[in-house]
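**Q**
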Amino acid sequence: MQKRNNLSSKLALLWLIIVVFFSGLLIKQFAFSPSIPIETNILRLLPQNQQDPIAEQAFQQISASMSNQVVFMVSGSSKETAISAVKQFERDLHQLNQRIKQPLFEDIQGKISQQTQAKWADFYFQHRSQLLTPSQQKMLEQSPRQQTQYVIQSLYNPFSGVTATELASDPFLLFRDYLSEVGSQSSNFTFKNGYLTVTKNEQFYILVTATLKESPYSLQTQSHLSEIIELKKQVEGKFEVDIFHTGVVFYADYGTQSAKSEISTIGIGSLIGVILLIWFTFHSALPLALALLSISTGLLVALACTVAIFGQVHLFSLVFGASLIGVSIDYAFHYLTDRLAAGQSWNSQKGLKHIFVAISLGLATSLVGYLGLLAAPFPGLQQLALFSSIGLIAAYVSVVCWYPVLAEKPSADAPLPLTKIWAMWFSLWDKPQFKVILPSALFVLSLVTLTKVSYNDNIRQLQAMPDSLKHQEELIASLSGVSQSQDMLLITEEDPQLLLSKISHVSKDLDRLIEQGVITGYQSINQYLPTIAEQEQNHQLVQQLYLSQQASLQSTLGWKKFPEITPFTPFNVQDFLASPVSKPVKPLWLNPIDGLSASVVLIKSIQDPEVFQNWLASKTAHQDSENNPIRYLNKANEISDLFTQYRTKVTELLVIALAVVLAVLSVRYGFKHSVLMVTPSLIAGVSGLAITALLGSSLNLFNLLGLILILGIGIDYTLFFAEQKKSQSTLLAVSLSCLTTLLSFGLLSLSNTHAIHSFGITVLTGIFVAWLLSPMALQRPQQSV
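Each residue of the sequence shown is one higher than the one before, starting from 1 at the first, in the UniProt record's numbering.
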């Protein structure tokens, strides 16, 4: 006995040293790290496209360019009011940026400086004789005289703004129309008083843009958004204007705040529930302290290990991880109820031995459930699996190593609570009809309900989208003509000029789709950058215009000498990308991979998906992989398709997990009894899916992942009945465990995020049914307390 006590003390000390080490590691990770190691980027939950590095680069580059942008639209009833407001707002943003310790924005742009305007115009101006719009090309080919008449009409129009300087450099006024069309291709904005503006419904809107210095998912960045909202309110009140805003950072902040709220609700709610249950059951401070010790140790070690392995912990993992409280307390409950039942005859070492096999097998089956999440290809779920598994192991080791030392003294003599209820419940399970009718009825009703089930694997269920932010984004998109669409075409070729030529051909098709109402628009690099062949063709058309119309226009204007055409000076992709004029479309050009040049064409709002897909099929039907086919990409759709595929794979995983659990249990209990032990979890899983469908929620991958947890946790309950027979202390411990688990996952069902909400409902129902049917594992009728 003395040797056993010494061993227990040594194990307790060893585990204490390990926990102190992880505590120090956690302090180092959070207190001495340059940034808090908590990830809020929802995209980090998703897998990268390992099979197609060009597609993945396209996703990453477009996502990065969009996510760092913050857009404001200042709306006033008059141009003067809106300009006054935007001046004040832009000034306030600059002052805020200078005032805070780490600047929030890399640049802020409301009014566009003369210098910036000059840089934009200079690049094209030096190549003006080789730049023509499609309509200009058509006119110069068919009726060049019309251009001369257009110039004469513009001279006699007092509102045209044509100056002698402009005529001297661009006598046929080709360049001004080219610049105007290039601007209108990418947005609805017009240039007034140095601002990008748009007018709609007698309201005057002015654009203000800013580029974030750090990631929009950085907690440091998000911490300053409240100050921006306050500045916005002050300007709105002072000038009686409206300021609308959009940007990934606002959605990221909403997601962060929602996750923090849910972590608090789930974590604090679970803790309060655990405290009340323990106090009601044991009426003592020691069981409460021991339970909280194992819970906090599990969470502490899990968090430290997760950050050490992944570098960061995702908020999504913490939301689910908070529900770990309801699971990790199971081992404590079984030890503490055994202690309560033993009364003055309690021996802490014998108590541990009494439950050791059951809690060890329970841990093993729970780990089968949690580690099953590793089969999903999503980094977030893999992180969750390790977080939960490590937390459970730490809580288990805390019970095994510390409880025999800290709970040596017996508890005060007290009867087990609700003994009459437990006795009545056992008496029901003594009736053969009850053993058959209850499980069968639940199973049949669940199967009937599942006939009405529907599936929705849309990845957007992972993020709650507030109506206020969506409304502002839609308004800004409709005003500006700039969409945040994820629909894109990936086009590749072996040579940059061949690629530009290919994009040009695709653009002509897209123009026809716009005319047909199939799409509302698109953005491509060739709208700003013609191929060298097109530049040469344009220059020849302009030369012919000069030759045929120079004399007529010179005579009309009374010029002694006609300006000479600028020489042909071609510019390529590298020249364009090095110029400030490329800024709006620079992210569309990708770095070469495997010798291929690649570019992206963004598609704005597909109105008729069927026609669009038919067009896409016609473009790729005659191309094979060697001919670099055009590919349609949409990250959300790609991941949603993966969700669908992995629903099938998770079903297979469930069958494998069930076979593993059956094999493990059969070694100790025999195959027939093991089947009885697994049956409650199987019925519970079907019931969990059925109630989710009955409540109107569509099923998705997360519901099936919930089945893995139901299998792992539900078998815990039957294990304890199989090990300790018909013991009221066992039923009390299982019931307490069930209540805390229900509390944790029940709180998950309150989440604003649909995927988490439906996951919570499935697990909540499944765990309850697993508890309800767990006495099926009983074999002997005799009662022992």
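Here a beta-carbon is modelled for each residue, glycine too, at the ideal position from N, C-alpha and C.
Start and end of the alpha helix (DSSP H) containing Gly688?
**A** Start and end: 671 to 694.
**Q** Quick check on Ile710: buried or exposed, where buried means 16 or more other Cβ atoms within 10 Å of its Cβ?
**A** Buried, since its Cβ has 16 or more Cβ neighbours within 10 Å.
**Q** Note down the Cα distance separating Ser784 from Val664, rounded to an integer number of angstroms.
**A** In this predicted model, Ser784 has a pLDDT of only 40, less than 50, meaning its place in the structure is not dependable; the value taken from the coordinates is given anyway. If I take the Cα positions, the gap works out to 27 Å.
**Q** Pick out whichever of Ser296, Leu743, Ser135, Ser389 has its Cα sitting closest to the Cα of Lys508.
**A** Lys508 has its Cα closest to that of Ser135, out of Ser296, Leu743, Ser135, Ser389.
**Q** Looking at the unbroken alpha helix (DSSP H) that takes in Glu474, where does it start and where does it end?
**A** From DSSP, the alpha helix (DSSP H) with Glu474 extends over 467 to 480.
**Q** Which residues in the same chain have their Cβ closer than 7 Å to the Cβ of Ala777, if we skip the five residues on either side of it in sequence?
**A** So the list reads Leu676, Met677, Thr718, Phe721, Ala722, once near-sequence residues are dropped.
**Q** Would you mind reading off the limits of the beta strand (DSSP E) that contains Gln203?
**A** 203 to 212 is the extent of the beta strand (DSSP E) around Gln203.
**Q** Does DSSP classify Pro598 as helix, strand or coil?
**A** According to the sequence as given, residue 598 is Ala; it is not Pro. Three-state result, Ala598: strand.
**Q** Among all the DSSP beta bridges, which residues are the ones paired with His314?
**A** Per DSSP, Glu39.
**Q** One question on the structure: do Gln523 and Val448 come within less than 8 Å of each other, judged by their Cβ atoms?
**A** Contact: no.
**Q** Kindly indicate which residue of Thr753, Phe175, Asn6, Trp15 has the alpha-carbon position closest to the one of Ala395.
**A** Closest option to Ala395, Cα to Cα, is Trp15.
**Q** Kindly confirm or deny that the stretch 349 to 356 and the stretch 246 to 260 touch, where touching means at least three C-beta pairs closer than 8 Å.
**A** The stretch 349 to 356, when compared against the stretch 246 to 260, does not touch it at the 8 Å Cβ threshold.
**Q** In this structure, does DSSP put Glu626 in helix, strand or coil?
**A** Only weak support is given to the placement of Glu626: the predicted model assigns it a pLDDT of 48, under 50, and the value that follows is read from those uncertain coordinates. Of the three classes helix, strand and coil, the one that applies to Glu626 here is helix, per DSSP.
**Q** Could you pull out every residue in the same chain whose Cβ sits closer than 7 Å to the Cβ of Lys583, ignoring the five residues on either side in sequence?
**A** Same-chain partners within the cutoff: there are none.
**Q** Hey, Ser411 and Phe280: beta-carbon distance below 8 Å or not?
**A** Not a contact, by the Cβ cut-off of 8 Å.
**Q** Decide yes or no for the touch test of the stretch 376 to 390 against the stretch 298 to 316: beta carbon pairs closer than 8 Å, at least 3 of them.
**A** Cβ pair count under 8 Å is three or more, so yes.
**Q** Identify which residue in Asn68, Leu590, Asn538, Lys101 has its Cα closest to the Cα of Thr209.
**A** Closest by alpha carbon: Asn68.
**Q** Nearest-angstrom Cα distance between Leu699 and Leu689?
**A** Going by the C-alpha atoms only, they are around 8 Å apart.
**Q** Going by other Cβ atoms of all chains shown within 10 Å of its Cβ, with 16 needed for buried, is Met73 buried or exposed?
**A** Answer is buried; the Cβ neighbour count reaches 16.
**Q** Exposed or buried, Met424, counting other C-beta atoms within 10 Å across all chains shown (16 or more means buried)?
**A** So Met424 counts as exposed.
**Q** When DSSP labels each residue in this structure, what does Leu14 get in the three-state scheme?
**A** Note: Leu14 maps to helix in three-state DSSP.
**Q** With burial defined as no fewer than 16 other Cβ atoms inside 10 Å of the residue's Cβ, what is the status of Ser446: buried or exposed?
**A** The residue in question, Ser446, is buried, as its Cβ has 16 or more Cβ neighbours within 10 Å.
**Q** Can you name the residues that DSSP bridges to Phe191?
**A** Answer is Leu196, bridged to Phe191.
**Q** Three-state secondary structure (DSSP) at Phe244?
**A** Three-state result, Phe244: strand.
**Q** Indicate the three-state DSSP secondary structure (helix, strand or coil) for Ile606 in the structure shown.
**A** Three-state DSSP puts Ile606 in a strand.
**Q** In terms of alpha-carbon separation, which member of Ser65, Thr730, Gln222, Asn703 lies closest to Thr762?
**A** Considering only alpha carbons, the answer is Asn703.
**Q** Can you tell me whether His245 is buried or exposed? The criterion is at least 16 other CB atoms within 10 Å of its CB, across all chains shown.
**A** Buried: at least 16 other Cβ atoms inside 10 Å.
**Q** In whole angstroms, what separates the C-alpha of Asp624 from that of Ile491?
**A** Its pLDDT being 47, under 50, Asp624 is placed unreliably in this model, and the coordinates cannot settle the point.
**Q** Please say whether Ile519 and Ser605 have beta carbons closer to each other than 8 Å?
**A** A contact, by the Cβ cut-off of 8 Å.
**Q** The alpha helix (DSSP H) with Arg145 in it runs from where to where?
**A** That run of the alpha helix (DSSP H) goes 145 to 156.
**Q** In chain order, which beta strand (DSSP E) runs of at least 3 residues are fully inside the stretch 546 to 594?
**A** Taking only runs of at least 3 residues, the beta strand (DSSP E) segments lying wholly in the stretch 546 to 594 are 589 to 593.
**Q** Just checking, does the stretch 333 to 344 make contact with the stretch 731 to 738 on the three C-beta pairs under 8 Å criterion?
**A** Enough Cβ pairs lie closer than 8 Å, so yes.
**Q** Buried or exposed: Phe22, going by 16 or more other Cβ atoms within 10 Å of its Cβ?
**A** Buried, because 16 or more other Cβ atoms sit within 10 Å of the Cβ of Phe22.
**Q** Just to check my reading of the structure: Val274 and Thr740 have Cβ atoms closer than 8 Å, yes? What is that Cβ distance to the nearest angstrom?
**A** The pair is a contact, with the Cβ atoms about 6 Å apart (cut-off 8 Å).
**Q** With the cut-off set at 8 Å, would you say Ile359 and Val405 are in Cβ contact?
**A** No, the pair does not count as a contact, with Cβ atoms beyond the cut-off.
**Q** Give the C-beta separation of Val436 and Pro37 to the nearest angstrom, bearing in mind that I take them to be a contact with Cβ-Cβ under 8 Å.
**A** With 8 Å as the limit, Val436 and Pro37 do not qualify as a contact, their Cβ atoms being about 53 Å apart.
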